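Residue numbers (the numbering used here): 819 to 963. C-beta: ideal position from N, C-alpha, C; glycine also. What you are looking at is a predicted structure, and each value in this text was computed from that prediction instead of being measured. Below: one structure, written as structure tokens.
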């Protein structure tokens, strides 16, 4: 079946025949590769699949902006978003600290004023504590008042 029909001569360079294999199971002819037979000068036949020459891939147009530049730009946008959030967080903490400080000062002023009103306010008698001193006689470690 794969026998060549052409007998080569010593100077014959067209000893290349292409055979198509016949599959046992019906297959789409698109998927069947072509088989090549080469007759060597000494009469031997070499049969195998034809290998298409490697063609370089077409040059794809490079994008106007490199992927690295896009990644750097997106990273910068993300960094700015994080910085904005951190700025808002520190501003909130600063305002909260100032509010707590003002409340503590207000409580100290009110409480201190209440204490001062209690100490220095008029409550019916003038002056401080009145102490009555009497003559006391102490005999043999006994107090007689």
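Query                                                                       : Result
Buried versus exposed, by CB contacts within 10 Å (16 or more), residue 857 : buried
Straight-line Cα distance separating residue 907 from residue 888           : 29 Å
Beta-carbon proximity of residue 866 to residue 853, cut-off 8 Å            : yes
C-alpha gap between residue 921 and residue 935, whole angstroms            : 21 Å
For residue 912, the three-state DSSP class (helix, strand or coil)         : helix
For residue 935, the three-state DSSP class (helix, strand or coil)         : helix
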